[in-house]
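Peer 1:
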Amino acid sequence: MSTQASPASGASETVPVASAGVSDRWEKWGDRLNPLVVKEVRQGLRTRVFWVCFGLLLLSCLVLSLIAYVNTQGTSYSREGRTYFFSFFVCLGLVHFGVIPFNAYRSLAREREDETWSLLLLTGLGPRRILGGKVTSFLVQAALYASAVGPFLLFSYFLNGIDLPTILMVLLLGGAWLVFLTFASVCAATLADGRMGRAFVRFALVAALVVTFFQTLTFIFVMTEGRGRGFSFDRDFFLGMSAGLWLLLSDGWLLFEAAVARLSLVTENYTRHPRRVLVGQALLTFLGVTAVWWFLDRDKDVAGIAGILGGLHLIFTGLFTVSDVDGQSRPLRAGTRPWSLFRPGALRGFRLAVLLLLGWAAGCAGLLWASDVSAESVRMGMALVALALYGIIYLSVALLLGRMPKSGRFASPAAVRLLFVAAGALGAGVPPLLSVFLGLEAGDELINLLNPVVGTVNFGRYDWNDPSGLRMPPELLLCVGLVALLCAFAADRVLVRREREAHAP
Amino acid sequence: MSLLEVKGLRRDYGALRAVDDVTFSLEAGGILGFIGPNGAGKSTTLRILATLDVPTAGEVLLDGKSLVDAPDQARPLLGYMPDRYGTYDDVTVREFLDFFARAYGLKGAQRRQRVDSVMEFTGLIPLAEKLTTELSKGMRQRVALGRTLLHDPRLLLLDEPADGLDPRARIELRELLRALADQGKAVIISSHILTELAEICDSCVIIEQGRLLAQGRVEDLLRSGADASQVVELVVRLAAGAEGEAMGARAERLLLEQPRVKDVTREAGALRVRLELEQGSGPMQAEAAAAALLATLVAQGLPVCAFSPRERNLEDAFMTVTKGRVA
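Respectively, the protein sequence lines represent chains A and D. Under this note's numbering, think of the first position of the first sequence as 1, with each following residue one higher. Under this note's numbering, think of the first position of the second sequence as 506, with each following residue one higher.
(1) Is the shortest distance between the beta-carbon of G124 of chain A and the beta-carbons of chain D less than 9 Å?
(2) Which runs of the beta strand (DSSP E) fall wholly inside the stretch 516 to 562 of chain D and span at least 3 residues, in chain order?
(3) Assuming T83 of chain A is part of the alpha helix (DSSP H), what are its boundary residues?
(4) Ignoring anything shorter than 4 residues or poking outside the stretch 426 to 468 of chain A, list the alpha helix (DSSP H) runs there in chain order.
(5) Identify which residue in A:A411, A:T285, A:F231 has its Cα closest to the Cα of G363 of chain A.
(6) Using a 10 Å radius around the Cβ and a threshold of 16 neighbouring Cβ atoms, would you call L199 of chain A buried or exposed?
(7) Cβ of V135 of chain A within 9 Å of Cβ of A109 of chain A?
(8) List the residues that DSSP assigns as beta-bridge partners of A775 of chain D.
(9) Considering S708 of chain D, what are the terminal residues of the beta strand (DSSP E) in which it resides?
(10) Go ahead and label A423 of chain A buried or exposed: buried means 16 or more other beta carbons lie within 10 angstroms of its beta carbon, across all protein chains shown.
(11) Within 9 Å of any Cβ in chain D, is that where the Cβ of T83 of chain A sits?
(12) So, does the CB of K28 of chain A fall closer than 9 Å to a CB anywhere in chain D?
(13) With 9 Å as the threshold, decide whether the Cβ of D595 of chain D is near any Cβ in chain A.
(14) In or out: E665 of chain D buried (at least 16 other Cβ within 10 Å) or exposed?
(15) Leaving out five residues on either side along the sequence, give the residues of the same chain with a beta carbon under 6 Å from the beta carbon of G538 of chain D.
(16) Kindly list, in the order they appear in chain D, the residues whose Cβ is closer than 8 Å to that of K406 of chain A.
(17) DSSP three-state call for P151 of chain A: helix, strand or coil?
(18) For a test of the three-state rule: what should DSSP assign to M404 of chain A, helix, strand or coil?
(19) Identify which residue in D:S507, D:T549, D:L508 has its Cα closest to the Cα of D525 of chain D.
(20) Between E757 of chain D and the rest of its own chain, which residues show a CB-CB distance below 6 Å, the 5 nearest in sequence each way excluded?
(21) Please tell me whether S118 of chain A has its Cβ less than 9 Å away from any Cβ of chain D.
(22) Taking all protein chains shown into account, decide if I447 of chain A is buried (16 or more other Cβ within 10 angstroms of its Cβ) or exposed.
(23) What is the residue span of the beta strand (DSSP E) that Y105 of chain A lies within?
(24) Using only CA atoms, which one of A:R409, A:L400, A:A428 lies nearest to V457 of chain A?
(25) Do V322 of chain A and A361 of chain A have their C-beta atoms within less than 9 Å of each other?
(26) So what does D664 of chain D bridge to, in DSSP terms?
(27) What residue range is occupied by the uninterrupted alpha helix (DSSP H) comprising Y585 of chain D?
(28) Would you identify the three-state DSSP class for A11 of chain A, choosing helix, strand or coil?
(29) Could you name the residues of the same chain whose beta carbon sits closer than 7 Å to that of S2 of chain A, not counting the 5 residues immediately before and after it, in chain order?
(30) Could you name the residues of chain A that T556 of chain D contacts, counting a contact when the two beta carbons are closer than 8 Å?
(31) Looking at C-alpha atoms only, which residue of A:S137, A:N269, A:D301 is the closest neighbour of G126 of chain A?
(32) Work out the CA separation of L718 of chain D and A731 of chain D for me, nearest whole Å.
(33) What are the residues of the stretch 212 to 228 of chain A that lie near chain D, defined by any Cβ-Cβ distance shorter than 9 Å?
(34) Nearest CA to the CA of P814 of chain D: which residue from D:F823, D:L782, D:V778, D:P808?
(35) Am I right that V170 of chain A and T224 of chain A are in contact with their C-beta atoms under 8 Å? What's the rounded C-beta distance?
(36) So, are the CB atoms of F626 of chain D and L681 of chain D less than 9 Å apart?
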């Protein structure tokens, strides 16, 4: 008995030479494909879910087109296309925004539950290729569903009432949304390890998919109806759409890399790609914001809005980078330098998050300053700098609460994230209550100085009673900055200590 | 040089020490049984050896290369079969193996040949076009073993491979593993079914609470345990008859009156007698004590139809060295 390969059977010798050449080419082409794509598509096409959905989709589109045919038969000039286009899109949306993302989630979740995931990792495929193959296979299935609805969507164009740019715009947005939802679902499947956690994630995902399904359809309906009533694809629309598409694309990519990192083995440099994507996203977005700001005659609102939204985004993503585990595996330690911010470990994640928040706030404040030096620019600038400082304070507080105690009971990544939410909620909720209790205005400047919500609003608010128009003097921002510095320093030292302990022999 | 060397392996999960200073080695072609109660640290050790986890301290060398520092280089040399076989729905046996062969980077004709060869070795050819979900547990276990062999690894790590298998499937698995060892592959098996391990393995490692309690060749483990306690166990079977129960009770009383008999228990229609000898006694003294006991029983008119020493097995050695604690 031997596991050594026996000589190939003579089956291939009986195949004619020409067809053997073709099959060889197919085989070579197949060998280049990601094995996961081959397996998942093959598996997916065998499931009952696929054929039931495909059949129902085709049937419903056929019935709708027959209704459309009957309704428009007698009229010389129909304008029903918009209605039928939307109806066909609803059918496709049910599958694209519901079935595909959920199946992608379920596929990866099962892979983790059954431990086939670790077997795949041992083959040397690597988590990126595995996840990439999974996402691609579900997008291939989505394309197969779309092939069933495509002719009907085109048919709606010939019913009049909808133009090609609108159809293309809807399909573009729908496609981007499908890709984003698939990435997000795959990422959700990596979030929980325990049974309860998995049940919660599944419930949350289903709820989110249902809610976003109706939101997407509402958006598409408003857009197609608006186009019918004379709404044009003007500059603002394209700017908004471009920003939306960029966010979907870059956040989808970030979610994908986060999922890859969560599924990587600890011996791998698992944080390098997600942190690079995060930095790349911040840099490219800032360049985009700068371009739009320049294009719109140095409009300070662009810089102000981008500063606040970007700051919130960086605080949210920073929560995940700072709550990484302490230290890194032995093979990775040798090449790590103080500036190796893309390497694993909460310490480097924290430093990167602080730098990104400060850099983003400084960049957007710089744009505001370059717009003009009016009181409004100063207020907006102070608000977005304050937001970044609050982010640093509360991230540091969560780390201090979770990782300073020697017991390490609240040191896990999930505990640190929960502590951040709890600290943020207390910081936002308690000071206004205290102000009211003391007989002051709920948004009192001093009591709410460290309130992440009211404080940010106060720094950006116009004060009619003050000749400068500033409700909060810049000195108070310095105070917040000082607190942020102290908190960040303390958190950094705690993380340094914990890393030393984790690396101790 | 050993194919696998494990030195001072330690794994901490916070305050919990799952594996504590475990050291052992394995030659090519050897089969090592990894024994321990639930929670002893067997699966953690196997996961570290499979590069799915990293030790807190210690070193693992596979063919001279560090598994800890260069896991990517070590992975092609090892095959890991977890306690859950990990097969997919809606996939045939051939497709399943073909998928993993692709994942291991095998291409074209080489891949087909390898899949065929593994299916032939594991006896899966008649089931090639069957869905994996339609297979029995024993057959799914073969598919999992086939997957483990696709890239021709030098070290096989099998976590509870015989768990839940029927006797025939166990015997077939034993034959497959023997054949693999004869091909020069080193095999580590963790299992609770100790009688199986005794028949398959050349050597054993017993761990409890993450600590290594005993290791060595199976025969040495059995002998060392017996010598330490100076215990001889005998099985006495009386002829079945109308007064069998009464006769059994009489024999039990009589045996308990004998000087070296420490314990008598009834099991499966026989009496299990435990003799304790003096310090320094050897096989000669044990045989003499047994002969004296038999003479006494026969002299008292008891119908002894079988009288044999009960051979010490791996379960006894396991029970002797472990205390049933978990980490």
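Glycine included, C-beta positions come from ideal geometry on N, C-alpha and C. As the structure is a computational prediction, the values presented were derived from the model and not from experiment.
Peer 2: According to the data block:
(1) yes
(2) 521 to 531, 536 to 540
(3) 81 to 94
(4) 454 to 460
(5) A:T285
(6) Checking the sequence shown, residue 199 of chain A turns out to be Ala, not Leu. Burial call: exposed.
(7) no
(8) D:E772
(9) 708 to 713
(10) buried
(11) no
(12) yes
(13) yes
(14) buried
(15) I694, L702, C706, C709
(16) Ordered by position in chain D, no residue passes the 8 Å Cβ test against K406 of chain A, which lies about 11 Å from the chain.
(17) helix
(18) coil
(19) D:T549
(20) V769
(21) yes
(22) buried
(23) Looking at the DSSP string, Y105 of chain A is not in any beta strand (DSSP E); the run it does join, the alpha helix (DSSP H), is 100 to 113.
(24) A:A428
(25) no
(26) D:S695
(27) No alpha helix (DSSP H) holds Y585 of chain D; the beta strand (DSSP E) holding it covers 583 to 586.
(28) Note on A11 of chain A: pLDDT 37, under 50, position unreliable in the model; the coordinate value appears next. Helix at A11 of chain A.
(29) In this prediction, S2 of chain A scores a pLDDT of 46, lower than 50, which makes its location untrustworthy; the coordinate-derived value is nonetheless stated afterwards. Counting only Cβ-Cβ distances below 7 Å, and skipping sequence neighbours, we find nothing.
(30) L122, L265, T267
(31) A:N269
(32) Below a pLDDT of 50, predicted positions are generally treated as unreliable, and A731 of chain D, at 49, falls in that range; no measurement from the model is reported.
(33) none
(34) D:V778
(35) 7 Å
(36) yes
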